[in-house]
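Anchor point for the sequence shown: position 661 equals 661 in full-length UniProt numbering, and the numbering is continuous, going up by one each time. Heads up, the thing below is written out as structure tokens.
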Amino acid sequence: MISLKTLHRSNAAKAGHYYADQKDDYYSRDGSSAQWQGQGAQLLGLSGEVNQKQFTAALKGDFGPGVKLAKSVRKDAKSRAGEDLTFSAPESVSIQALVGKDSSVLEAHDYAVRKTLEYLENELVRARQKVDGMTRSEQTANIVAAKFRHETARPSRSDPADPQLHTHAIIMNVTQRADGTWVALANEQIYKNKKLLDTIYKSEMAAQLEKASYALRYEKDGFEMAHISREQIELFSKRGMTVEAELAIMGKTRQTASHDLKQTITLATRSAKRPEISREALQQQWEKEAQKTGIDFMAAKRPIELSKHDHDKSPPGTQRTPVNGEDLNPDHPTTTYKPEPHAVSAQLQQNIADHCVTWAIRHHGERESVIRASVLEVLALNHSMGTGISHTHIKQAIEQAVTKGHLIKGAPVYRSNDVADTGTALSQEQWIKRLVREDTPLSQARQNVRRAIATGSLILDEVRYTSQAAREREKRIIQIEREGRGKVAPILSPQAIKEQMAGKGLRPGQLSAADLVLSTNNSIVGVQGLAGVGKSFMLKQVKAAIESADYKVKSVAPYGAQVKELRSLGVETVTVASMLEAKQGRFRLDSKTVLVVDESGVVPARQMEKILKKAENAGARVVMMGDKDQTKAIEAGRPMHQLQDEGMSTALMGDIVRQTNPLLRDAVVLAAKGQASEALHILQSKLEAVNEIQDDTERYAAMADQYVTLDAQDQQETLIITGTNKSRNELNDLVHARLGFEGKGFKYDLLTRVDTTQAQRRSARYFKKDSIIQPERDYGNGLKAGNQYKVSLVDTSLNRVEVTHLQTGEVIKFNPSRTTKLSIYELRQSELSAGDKVRITRNNAALDLVNGERYSVIAVTPLTISLGKVANDGSITKRITLDADQKNPLHLDYAYASTVHSAQGLTATRVILNQETYSRTAKSDVFYVAISRAKEKVSIYTENMTKLPFAVNRREEKGAALDIGMTRSSRQTEITHEHSVTQSTPDELSL
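Shown next, in the form of structure tokens:
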């Protein structure tokens, strides 16, 4: 793991002593624990072992005689001295290297640190320079870094230090420009690429260990040494155990405690760097603990066996599975084996890298149509961990994917070289268009942009990529809509529409939508409806008019709760997934069908393409109804937004009727326009709706207290909305306790869905021991649809997962690359009591339960839970009893707090909103959806009122494959590709 911390000159003396203090470290005696690194260091005459006096002087900005620093490198106490980039080895690596005195493992750590710093130096380091009041940067490829390897973690108050192998790489705030001037170092790219640096470090270390025949256990985001179990690791983590003990006293765990609370306890229980115990005595204690816990350090290396295959002599065209037992082509499984890294030929290494890049494209492509180069590299490199593949191999594989047309390289994009400008990177043409919109003449705009690029005012940003499959899908969606223009007759004449809609109480926006649906001669139209404009009421009136003309209305919706609401209007409705999976004859469309796609803004490109294709083949009309500015699809693409941009006939419903409070309505209108900070100003200044509580735990408690002080009816009409599942769980637990239900019910195993892509579900390394899987279809290996199985063993080397049937105890082993239609869950134990509010988290047709539906708990026993639908008058309109023994985990959750995605489509009288500015979920579309759920009142809680306006103004648009320009070579590749796949099906185009 890598962490980053800024050092200031005011602490130079103290820091110099802290970092250089290694006199008691076991491996410090050979002089290798403190070393200079970097081209910049060599230029300054700094090499070999770091001298403390020399290091302290460097922190103060003194690099010796003859080195003149520019004014940008300030020497006052407040200026930045450097960045502490700390490389912490996996815990089992620390144990093997330090407790087991294994110098080979230590060398692998040192090697990985060195290689990661070399990448940082060559790719990320830039120099600061102020020109005409703007701070610009220039790539320099030289750093001055002092590395200090340490061996212990900070101990708690009473316990001695734990073994923790880590290296502090202090990157000085100085670098040399091309003109020879020594100036301040620009650190933005280092912070921006911290995850990539972390992945390179882990990957390089894993490769070195594998080459030395160490057996490793690969996990989702890293690895541990296979011979040291998780339980043994925890016994050497006294700091963590101390924090957990303190939390337990408060009735909390690491999962339920806030970040601030854990940080407070960590600091409060931390003592000085060194306890009063010698390193020799500490070593003896560690070795006793290792012996007691049964760690066999001699078992670290796997036995070396001759492979049945000579990997270097595989005949051309032979298909093998080189990455952790995964099939190169999951649809056509091949022989499974894992080659020893030292036995892998250069060609096979590149084949492995190609496979890992393809996997990364598949994985990321399920969620986003556009991928940044650094993200692609992180995903591919992490997936390759343990195969001996380097970052260089991955970059070469990416270039090969572009050459072959599997990956489309976007046209260059440029960002402002003004460090203070954090705006979006744009292509050259987009910069020109921006200037033209700002009233710059076209010829002048072109000249200005060319000059800005030439002088460095605009600099290249990282490359964006997309896939050929994503581009083809988006082009087909646009083509279907365009080809449907002018192809159908209007359902009703203008006069008939006027008569049908008369006296219905429709507002102007609703009338506009009704008129478009009934009078259009286009096969596909859109209804862009803001939150709370009465789309359902409009649809009810339009449905009657459509049926009067001998047409019928059918609908599809992304979620089960929306399906139920549409069915209540008398519209035949199924979920999008059900429609696409339906056999011939079920949910039939024809030329007399008007298909309404509800909440179209959250339907991804993959599904929208199939919906439109089915409608086109049947001759049906399509009405895409939703709001492109609310939360977006989880999967890749934004087809509703894209089609509106491409000229699809669209009616705007902007007459908001949900909010009865005029000021709240004004705020929602502003948020809908993307003016979130202005909306927040109304809520704060005129409605006094914003509360600042810095501590997470105290803030959640205040939110829970506000909820429980409401009477039962008001609670029924109140939504608590938050950004993350973690905060949702904490808020739900607090409300349950504050309502007085704690200790009055029984604890049950509840299932929380784990968000995974199909690419992840093909690989064993992304399965976690003790998680629950639930197949969506029957498989020949024995897995049955709907049954629940606990993961008991994960074998990444052979890509095998072993599961145990929860009811029967049957053990099944399977290859996940051939078993992808399944859901993965984590068990979470929660108490349910009579009176609790819960929501269903998975559809259950047999019990008529729909994902997202809300119920009240009527009664509980150790083996059963009775749920009821409570009407406004308090009567129970529906009752159901669930089996709840330990062999039947339930798809239930508390319903007090919801994430924004779960709340979209819901309406409440009041909303209590948690907005944490440090969370990525604090952004404009999320804020808009959250406040627009409320009819009368919104209460907003945040940890930082000053940062909140900036946080809610953040925009994080979903990318579209057709948005990014193409390089000339990519355009030629696409043309060639289109000629070669003229007869191909959409599935054949997928990566």
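Ideal placement from N, C-alpha and C gives every residue a C-beta, glycine not left out.
Simplified DSSP assignment, three categories, for residue i
{"i": "H8", "result": "strand"}
{"i": "M538", "result": "helix"}
{"i": "R658", "result": "coil"}
{"i": "T335", "result": "Below a pLDDT of 50, predicted positions are generally treated as unreliable, and T335, at 34, falls in that range; no measurement from the model is reported."}
{"i": "G40", "result": "helix"}
{"i": "M385", "result": "coil"}
{"i": "K53", "result": "helix"}
{"i": "T650", "result": "strand"}
{"i": "R157", "result": "Reliability fails at R157, whose pLDDT of 46 lies under 50, so the model's placement of it is uncertain and no value is given."}
{"i": "F950", "result": "helix"}
{"i": "Q176", "result": "strand"}
{"i": "V67", "result": "coil"}
{"i": "A420", "result": "Reliability of the predicted coordinates at A420 is poor, the pLDDT of 47 falling under 50, and no value is obtained from them."}
{"i": "G365", "result": "helix"}
{"i": "K313", "result": "Unreliable placement is indicated for K313, whose pLDDT of 32 sits below 50; the coordinate value is still reported in the next sentence. The answer is helix: DSSP assigns K313 an H, G or I state."}
{"i": "A502", "result": "coil"}
{"i": "I812", "result": "strand"}
{"i": "S898", "result": "strand"}
{"i": "residue 994", "result": "Absent from the model: residue 994. The displayed extent of the chain is 1 to 991, so no value can be given."}
{"i": "I116", "result": "First, the residue type needs correcting, since residue 116 is Thr and not Ile in the sequence shown. T116: helix per DSSP, three-state reduction."}
{"i": "A445", "result": "helix"}
{"i": "K935", "result": "strand"}
{"i": "P330", "result": "Confidence in P330 is poor, its pLDDT being 42 and thus under 50, which makes the residue's placement unreliable; the coordinate value appears in the next sentence. Residue state, collapsed to three classes: coil."}
{"i": "Y941", "result": "strand"}
DSSP bridge partner residues for residue i (one or two, in chain order)
{"i": "V870", "result": "I876"}
{"i": "P412", "result": "Beta-bridge pairing links P412 to no other residue."}
{"i": "P163", "result": "T152"}
{"i": "I772", "result": "K790 and Y825"}
{"i": "S571", "result": "For the sequence presented, residue 571 should be read as Val rather than Ser. Note: V571 sits in no beta bridge, so no partner."}
{"i": "H168", "result": "T86 and F148"}
{"i": "L849", "result": "N844"}
{"i": "V929", "result": "In the DSSP output, where bridge partners are listed per residue, V929 has none listed."}
{"i": "F746", "result": "L832"}
{"i": "H109", "result": "Answer is none; H109 lacks a bridge partner."}
Whether residue i touches residue j by CB criterion (8 Å)
{"i": "T167", "j": "V113", "result": "yes"}
{"i": "A577", "j": "S369", "result": "no"}
{"i": "N781", "j": "F741", "result": "no"}
{"i": "K147", "j": "A169", "result": "yes"}
{"i": "S924", "j": "A531", "result": "no"}
{"i": "M625", "j": "E481", "result": "no"}
{"i": "T756", "j": "Y748", "result": "no"}
{"i": "L731", "j": "A897", "result": "yes"}
{"i": "R149", "j": "S33", "result": "yes"}
{"i": "L652", "j": "I477", "result": "no"}
{"i": "K487", "j": "D550", "result": "no"}
{"i": "G484", "j": "S523", "result": "yes"}
{"i": "I408", "j": "V357", "result": "no"}
{"i": "G561", "j": "E776", "result": "This sequence places Ala at residue 561; Gly is not what is there. Against a cut-off of 8 Å, the Cβ pair of E776 and A561 comes out as no contact."}
{"i": "Y18", "j": "L98", "result": "no"}
{"i": "A127", "j": "G38", "result": "no"}
{"i": "I656", "j": "A667", "result": "no"}
{"i": "N142", "j": "G40", "result": "yes"}
{"i": "L43", "j": "W36", "result": "no"}
Integer Cβ distance of residue i from residue j, believed to fall under 8 Å
{"i": "R367", "j": "I634", "result": "7 Å"}
{"i": "N187", "j": "E83", "result": "6 Å"}
{"i": "V838", "j": "L892", "result": "5 Å"}
{"i": "N799", "j": "S763", "result": "7 Å"}
{"i": "V517", "j": "V542", "result": "5 Å"}
{"i": "S536", "j": "E565", "result": "7 Å"}
Residue i: CB within 7 Å of a non-hydrogen atom of the ligand ZN
{"i": "I200", "result": "With respect to the ligand ZN, the structure offers nothing, as it holds no ligand at all."}
Just list the alpha helix (DSSP H) runs in the segment 586 to 625, keeping only unbroken ones of 4 residues or longer that don't cross its boundaries, in chain order.
605 to 618
At 3 residues or longer, and completely inside the segment 171 to 233: list those beta strand (DSSP E) runs for me, N to C.
216 to 219 and 222 to 225
Could you name each continuous alpha helix (DSSP H) segment of 4 residues or more that falls completely within the segment 669 to 743, going from the start of the chain to the end?
676 to 685, 696 to 708, 712 to 716 and 725 to 738
Length at least 4, wholly inside the segment 453 to 494: the alpha helix (DSSP H) runs in chain order:
468 to 483
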